[in-house]
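Below is one structure, written out as structure tokens, with a few remarks after it.
There are 2 protein chains.
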Amino acid sequence: MAIIFSKKCEYGIQGVLYLALKGLNTVTPVEEIAAHLDIPREFISKILQGLTANKIIGSKKGKNGGFFLAKPSNKIKLYDVVVAIDGDGIFSQCVLGFPDCSGEYPCPVHDEWSKLIKDTYLMLNSQTVDHFKDKVTRKIHSIGLKKKKNAKSRSVN
Amino acid sequence: MAIIFSKKCEYGIQGVLYLALKGLNTVTPVEEIAAHLDIPREFISKILQGLTANKIIGSKKGKNGGFFLAKPSNKIKLYDVVVAIDGDGIFSQCVLGFPDCSGEYPCPVHDEWSKLIKDTYLMLNSQTVDHFKDKVTRKIHSIGLKKKKNAKSRSVN
DNA sequence: CTATAATCAGATTACATTGTCTGATTTAAA
DNA sequence: TTTAAATCAGACAATGTAATCTGATTATAG
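Protein chains in written order, with the numbering used here: chain A, 1453 to 1609; chain B, 1453 to 1609.
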């Protein structure tokens, strides 16, 4: 449609934020992430696999496996995630496609854009974290009821 | 690929900026715009037609016709162009797809993003304008040489 | 008035992104 | 050691965007 991160980026960012809410080193199965964020399971799975290769998150195979945040979210830049998913091709050219856009001859959004992407860390303020932790807890619970039993997240050893 | 305005938006913005360089009420044929910006003629044509319908630019049909800026570029917001081309659907939801993103529970880029899109006017600083005016003049000249004769831009009456 | 140069409009094709499906591999628990 | 639950991997289908093509309409210049 219009202006946006690619779905892959968007989903990747959401996935990382979700893992951040769960806390460092908490292993969470894709199933839960996909259900909560309403993203096709196989799709988010692929994306998270890619982020694993880039050491932004980690994964644990086999039963009770899943993904977990590999470093604190206030150390993860939006830039890191976007580059890990889609490469840095986009950042080598002007957002508006303005020819020869540069510090000297900037397009109308030159400075603000670089700043937005490169200086933003993927962290939420504490008020927001609390709000979503509550929500996630409720949601996991309701998902749990709909399914036979269920995999709970647990700490990595 | 990654993060970006849709091509339609990007081209539309470039078109408006190009018309801005030519000055208010200067009629410029699509051919020139397409050649200079290296955009498929029919594609940019369609996009500019859309912007005409939204009164951001104007058009003049027939021989010596073309498009022209309908109001000063410092009155045209990035937001206006994007909405004219792709609708405001995108602005009704979070850029990151963060659920329930709001002023109270903001995603990591909530404030900066709104500001970037809604407060930016499609104008270039005077240094940049001078730089590109020179460039455009040279380019038009070289295009002119490659073709038999050529349509020059002229003022609307 | 006629020829020409431009916008306008719709249908169609090409391509990239998004999403789905199937199966292999790994690992923990019983 | 067997079973089940998870990641991992690749091929494929569906969708939407980008680009092209063809032709109609409009208006100016001569």
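All C-beta atoms, glycine included, are put in the ideal place defined by N, C-alpha and C. Being a predicted model, the structure only gives us computed values, none of them experimental.
Can you tell me the Cα-Cα spacing of residue i and residue j, whole angstroms?
i, j, result
"A:Tyr1463", "B:Val1547", "11 Å"
"B:Lys1460", "A:Gln1579", "38 Å"
"A:Asn1477", "A:Leu1503", "15 Å"
"B:Lys1513", "B:Thr1480", "11 Å"
"A:Phe1584", "A:Ile1485", "14 Å"
"B:Arg1493", "A:Cys1553", "23 Å"
"B:Ala1522", "B:Ile1508", "6 Å"
"B:Phe1495", "B:Val1534", "16 Å"
"B:Cys1559", "A:Glu1483", "23 Å"
"A:Lys1527", "A:Gly1475", "14 Å"
"B:Asn1577", "A:Glu1564", "15 Å"
"A:Gly1518", "B:Val1561", "27 Å"
"A:Lys1567", "A:Glu1556", "16 Å"
"A:Leu1469", "B:Asp1586", "47 Å"
"A:Gly1549", "B:Gln1501", "20 Å"
"B:Gln1545", "A:Leu1473", "21 Å"
Helix, strand or coil for residue i, going by three-state DSSP, please let me know.
i, result
"B:Lys1527", "helix"
"B:Gly1467", "helix"
"B:Thr1480", "strand"
"B:Phe1457", "strand"
"A:Phe1550", "coil"
"A:Gln1579", "helix"
"B:Ala1472", "helix"
"B:Asp1586", "helix"
"B:Gly1555", "coil"
"B:Gly1539", "coil"
"A:Ile1491", "coil"
"A:Gln1501", "helix"
"B:Val1534", "helix"
"A:Ser1605", "Note on A:Ser1605: pLDDT 43, under 50, position unreliable in the model; the coordinate value appears next. Three-state result, A:Ser1605: coil."
Below 6 Å CB to CB, which residues in the same chain sit around residue i once its five sequence neighbours on both sides are set aside?
i, result
"B:Pro1551", "none"
"B:Tyr1531", "Ile1569, Lys1570"
"A:Ile1499", "Lys1460, Tyr1463, Gly1464"
"A:Ala1540", "Here residue 1540 of chain A turns out to be Asp, not Ala, going by the sequence shown. None."
Excluding sequence positions up to five away, which residues of its chain have a Cβ less than 8 Å from the Cβ of residue i?
i, result
"A:Gln1466", "Leu1489, Ile1491"
"B:Thr1572", "Lys1529, Leu1530, Tyr1531"
"A:Ser1497", "Val1482, Ala1486"
Can you find the residues in the same chain that come closer than 7 Å, C-beta to C-beta, to residue i, ignoring five residues on each side of it along the sequence?
i, result
"A:Lys1604", "Legend: pLDDT at A:Lys1604 = 38, less than 50; position of this residue unreliable, value from coordinates given subsequently. Cβ within range, chain order: n/a, list empty."
Looking at residue i: is its Cβ nearer than 8 Å to the Cβ of residue j?
i, j, result
"A:Leu1471", "A:Phe1520", "yes"
"A:Ser1525", "A:Leu1574", "yes"
"A:Ser1458", "A:Asp1582", "no"
"B:Ala1536", "B:Asn1516", "no"
DSSP beta-bridge partners for residue i?
i, result
"A:Ser1511", "A:Phe1519"
"A:Tyr1573", "A:Lys1529"
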